[in-house]
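Taken in order, these protein sequences are the chains called A and B. As numbered in our numbering, residues 2 to 361 make up the first sequence, in order. As numbered in our numbering, residues 18 to 213 make up the second sequence, in order. Each residue gets a CB set at the ideal place from its N, CA and C atoms; glycine is no exception. Since we're looking at a predicted model, the values are computed, not measured. See below for the structure under consideration.
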Amino acid sequence: MIEAIATLSGLGLIAGLGLGVASRVFAVYVDPKVEALEEALLGTNCGACGFPGCSGLANALAEGEAAVTDCLPGGEDVANALASILGVDADATAREVAVVLCKGGDIDAKTKFDYRGVKDCWAAMEVGGGFKSCGYGCLGLGSCYKACNFGAIEITEDRLAIIIPEKCTGCTMCVPACPKNIIKMVPADQKVHVLCSSHDKGPATKKVCSVGCIGCTLCVKKTTNMSMVDNLAVVDYSVIDNEPSPAAVCPTNTISDFEEAHPLKRFKKEKKKKAVKKTAKPAAKPAAKSDKETVAEGEETKKTEKTVVAKTEKVESKTGESITKEEKTETRMDSAVVDKSEKVEAKAPKKEEEGNKDVS
Amino acid sequence: MGDVITQLSLLLVSAVFVNNFVLARFLGVCPFLGVSKKVETATGMSMAVMFVMTIASVAAWIVQKFILVPLQIEYLQTIAFILIIASLVQFVEMVVQKTSPVLYQALGIFLPLITTNCAVLGVALINIQKDYSFLATTVHGFGAALGFALALLLFAGLREREELADIPESFKGVAITLITGGLLSLAFMGFSGLVK
Chain A
2 MIEAIATLSG LGLIAGLGLG VASRVFAVYV DPKVEALEEA LLGTNCGACG
52 FPGCSGLANA LAEGEAAVTD CLPGGEDVAN ALASILGVDA DATAREVAVV
102 LCKGGDIDAK TKFDYRGVKD CWAAMEVGGG FKSCGYGCLG LGSCYKACNF
152 GAIEITEDRL AIIIPEKCTG CTMCVPACPK NIIKMVPADQ KVHVLCSSHD
202 KGPATKKVCS VGCIGCTLCV KKTTNMSMVD NLAVVDYSVI DNEPSPAAVC
252 PTNTISDFEE AHPLKRFKKE KKKKAVKKTA KPAAKPAAKS DKETVAEGEE
302 TKKTEKTVVA KTEKVESKTG ESITKEEKTE TRMDSAVVDK SEKVEAKAPK
352 KEEEGNKDVS
Chain B
18 MGDVITQLSL LLVSAVFVNN FVLARFLGVC PFLGVSKKVE TATGMSMAVM
68 FVMTIASVAA WIVQKFILVP LQIEYLQTIA FILIIASLVQ FVEMVVQKTS
118 PVLYQALGIF LPLITTNCAV LGVALINIQK DYSFLATTVH GFGAALGFAL
168 ALLLFAGLRE REELADIPES FKGVAITLIT GGLLSLAFMG FSGLVK
């Protein structure tokens, strides 16, 4: 009995000591950075980054062979954590999202004929190059929708594919799925995009689509980050300063600002906007002024702007009093802005503290 | 001398084909099912198993002959072997990592996986049961690992083809994998009687 215990303990002791010594003698220097990086990763070893497991990505990151955004399932949180370990900027510009560069659904863009074939863009292309009158238009039959593994693409009621930037992981699977080649990768932090791919001349575009780029060059003249390429306005994403917003000067509303939301909500929103077109304009002006103050406040004003539009719509139905009531809503909006921005400021320091804790 | 060589080669053949560890003895089925999706990873796993099995059977034999038998505590075989094999694999992993980073890259992920794999422990115990000599133990350990590698690689090849095959909906996944493993085991039954 004693022999057994002694032998086993002896064996264990020798093995333990041996391993202890071996771990010193054969110690391989592992970069502490690599360990920290590996901890920050999800540890699921899914292989989406193309490296052999999370440790493979951690090694590659430490050697500078991978980008902090390479962990697709980790998303922004992991990218930020990795960036703080590596001491580089979180680099939101490195993250890209896909955008369908077309705004013309069936309501805005004309169709050549009634297509009732297979529900697939590539199949539709076989029939006279697609049913859209515009050769560059989204067919909206969902070939990209099927290619997306993350549910980031939606097809609107009037057959237009729309990518929700918040859900897009930037995997680029949808880019080759589009037969029209109108899905492009854009920096995630850029919110203003020209939602048209047509290189046709202005009048030709105007004939087939009410929201296409007609090549008027207004945006190029009035803003700093636009240029014309072959009858099409193009955003220069390297220029960060985009004041005034090109979206505001575009007469056809082709250039869209994604700051609020993707124009997916245009069905509800734009119908409302069309309905209150004249009344909404004066409300927009004070909002633009407060925009410059702080970003947080700017966002708030936009939210309140929505409510203003909604309210003025109601107001319009009761014609006659509309002007006076609208002024009231304007004042209401201003007070709302002040209230909400105070709240935002109160929240902001807390967030910073949390961020500091993470780093330490 | 010639007799010994004949016996050893027969032992090797029997360990690889007749008493194949996975397909005839049903040992080490976990990595057999788990690491057989790609031929590439199966190769890495096979190499690691070969390495560990040979060393483990030798180490276990030494412990048995020089520690457990003299002290008459053979009943502690299992627990002692687990201890020895586990620490040995850990040790080997460290040495490999230090001395040959290339080999570590190839085997590194698999080594800890098979630390206390039942096939590794099984071969050590069978060696003692059959009262093999030191040389026979080494050969049997290597042969068993070779058999494991053969089964794993064959299975991985089959599974890679299954990826492309039109499998009925209800058979997809684990079901077809187990059926394939069963058929492979059935095929290996054809070797029984080759060596007595």
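Cβ of L14 (chain A) within 8 Å of any chain B Cβ: By this cut-off, L14 (chain A) is not an interface position.
Hey, could you find the ends of the beta strand (DSSP E) V236 (chain A) is sitting in? In the DSSP assignment, V236 (chain A) falls within the beta strand (DSSP E) that extends over 233 to 236.
If we ignore side chains and look at the alpha-carbon of each, how far apart do V193 (chain A) and S187 (chain B) end up? Using only the alpha carbons, I get a separation of about 49 Å.
Is A234 (chain A) near C210 (chain A), with beta carbons less than 8 Å apart? Remark: C-beta atoms of A234 (chain A) and C210 (chain A) do not approach each other more closely than 8 Å.
Which residue marks the beginning of the beta strand (DSSP E) containing P204 (chain A), and which one marks its end? Counting along the chain, P204 (chain A) falls outside any beta strand (DSSP E), though it belongs to the alpha helix (DSSP H) covering 203 to 209.
Uninterrupted beta strand (DSSP E) stretches inside the segment 47 to 112 of chain A (no shorter than 3 residues): Here the runs fully enclosed are 97 to 101.
Under 8 Å, with one C-beta from each stretch per pair, do the segment 198 to 208 of chain A and the segment 218 to 233 of chain A reach the 3-pair mark? Here the segment 198 to 208 of chain A makes contact with the segment 218 to 233 of chain A; the two share three or more CB pairs at distances below 8 Å.
With L9 (chain A) and L38 (chain A) assumed to form a contact (beta carbons below 8 Å), what rounded beta-carbon distance in angstroms separates them? The beta-carbon separation of L9 (chain A) and L38 (chain A), rounded to 40 Å, does not stay under the 8 Å limit for a contact.
Run through the DSSP bridge pairs and tell me what K222 (chain A) is partnered with. Checking the DSSP bridge columns, you'll see K222 (chain A) has no partner listed.
Should the segment 69 to 79 of chain B be called in touch with the segment 103 to 115 of chain B, which here means at least 3 C-beta pairs below 8 Å? Contact check between the segment 69 to 79 of chain B and the segment 103 to 115 of chain B: three or more CB pairs, one atom from each, fall below 8 Å, which counts as touching.
Taking the DSSP output, what are the residues bridged to S257 (chain A)? Beta-bridge partners of S257 (chain A) (DSSP): A:H194.
Can you give me, in chain order, the residues of the segment 113 to 138 of chain A that have a beta carbon less than 9 Å from any beta carbon in chain B? Listed by position along the chain: nothing, the set is empty.
Beta carbon proximity, G75 (chain A) to chain B, threshold 8 Å: No - not a single Cβ of chain B is within 8 Å of the one on G75 (chain A).
In or out: K415 (chain A) buried (at least 16 other Cβ within 10 Å) or exposed? A question about residue 415 (chain A) goes unanswered here, because the residues of chain A that appear run from 2 up to 361.
First and last residue of the alpha helix (DSSP H) that includes K115 (chain B)? Per DSSP, the unbroken alpha helix (DSSP H) holding K115 (chain B) starts and ends at 94 to 116.
With burial defined as no fewer than 16 other Cβ atoms inside 10 Å of the residue's Cβ, what is the status of S144 (chain A): buried or exposed? In summary, S144 (chain A) is buried, with 16 or more beta-carbon neighbours lying within 10 Å of its beta-carbon over all protein chains present.
I101 (chain B) classed as buried or exposed, judged by whether at least 16 other C-beta atoms fall within 10 angstroms: For I101 (chain B), the number of other beta carbons within 10 angstroms of its own is at least 16, and it is reported as buried.
Endpoints, alpha helix (DSSP H) assigned at F183 (chain A): Here residue 183 (chain A) turns out to be Ile, not Phe, going by the sequence shown. Per DSSP, I183 (chain A) lies in no alpha helix (DSSP H) and is assigned neither H nor E.
Given 8 Å as the limit, is there contact between the segment 55 to 71 of chain B and the segment 80 to 96 of chain B, that is, 3 or more CB pairs closer than that? The segment 55 to 71 of chain B, when compared against the segment 80 to 96 of chain B, does not touch it at the 8 Å Cβ threshold.
Beta-carbon of T255 (chain A) versus every beta-carbon of chain B: anything under 8 Å? Output row for T255 (chain A): interface = no.
Cβ of Q24 (chain B) less than 8 Å from any chain A Cβ? It does not: the Cβ of Q24 (chain B) has no partner Cβ on chain A nearer than 8 Å.
Please report how far the alpha carbon of S198 (chain A) lies from the alpha carbon of V119 (chain A), in whole angstroms. Rounded to the nearest angstrom, the two C-alpha atoms are 24 Å apart.
V21 (chain B), enclosing beta strand (DSSP E) - first and last residue: It is not in any beta strand (DSSP E) - V21 (chain B) instead sits in the alpha helix (DSSP H) that spans 19 to 30.
Is it right to say V66 (chain B) is buried, meaning 16 or more other beta carbons lie within 10 angstroms of its own, or is it exposed? Buried: at least 16 other Cβ atoms inside 10 Å.
Cβ distance (whole Å) where R176 (chain B) is taken to contact T194 (chain B) below 8 Å: So it is a contact: roughly 7 Å between Cβ atoms.
Cut-off 7 Å between Cβ atoms - residues of its own chain near V33 (chain B), not counting five sequence neighbours on either side: If we look at V33 (chain B) and ignore the five residues flanking it on each side, its Cβ neighbours are G160, L163, G164, L167.
Cross-chain neighbours of A97 (chain B) in chain A, by beta carbon under 9 Å: Listed by position along chain A, the residues whose Cβ is nearer than 9 Å to that of A97 (chain B) are T8, L9, L12.
Quick one: residues in its chain with C-beta nearer than 8 Å to the C-beta of V30 (chain B), no 5 flanking neighbours on either side, listed in chain order? Cβ within range, chain order: G160, L211, V212.
Please decide whether K54 (chain B) counts as near chain A, where near means a Cβ-Cβ distance under 8 Å. Not a single CB atom of chain A sits nearer than 8 Å to the CB of K54 (chain B).
Per the DSSP calculation, E377 (chain A) is bridged to which residue(s)? No answer is possible for residue 377 (chain A): the residues shown for chain A start at 2 and end at 361.
Between the alpha carbons of I145 (chain B) and H157 (chain B), how many angstroms are there, rounded? Straight through space, the alpha carbons of H157 (chain B) and I145 (chain B) are spaced by roughly 11 Å.
Just to confirm the assignment, what range does the beta strand (DSSP E) spanning S228 (chain A) have? Judged by DSSP secondary structure, S228 (chain A) falls within the beta strand (DSSP E) whose first and last residues are 227 to 230.
Chain-order list of residues whose beta-carbon lies under 7 Å from that of T94 (chain A) (same chain, five-residue window excluded): Low local confidence applies: a pLDDT of 47 at T94 (chain A) is under 50, so the model's placement there is unreliable, with the coordinate-based value given in what follows. Close CB contacts of T94 (chain A) within its chain, under the 7 Å cut and outside five residues either way in sequence, are with P188, D190 (chain order).
Select from B:L44, B:K54, B:N36, B:A77 the residue whose C-alpha is nearest the C-alpha of S150 (chain B). Looking at the Cα atoms, B:A77 is the closest of the given residues.
Using a Cβ-Cβ distance under 8 Å, would V112 (chain B) count as near chain A? Yes, V112 (chain B) lies at the interface with chain A (some Cβ there is under 8 Å from its Cβ).
Which bits of chain A does F108 (chain B) rub up against, with CB to CB less than 8 Å? By Cβ distance, chain A contributes G19, L20, A23.
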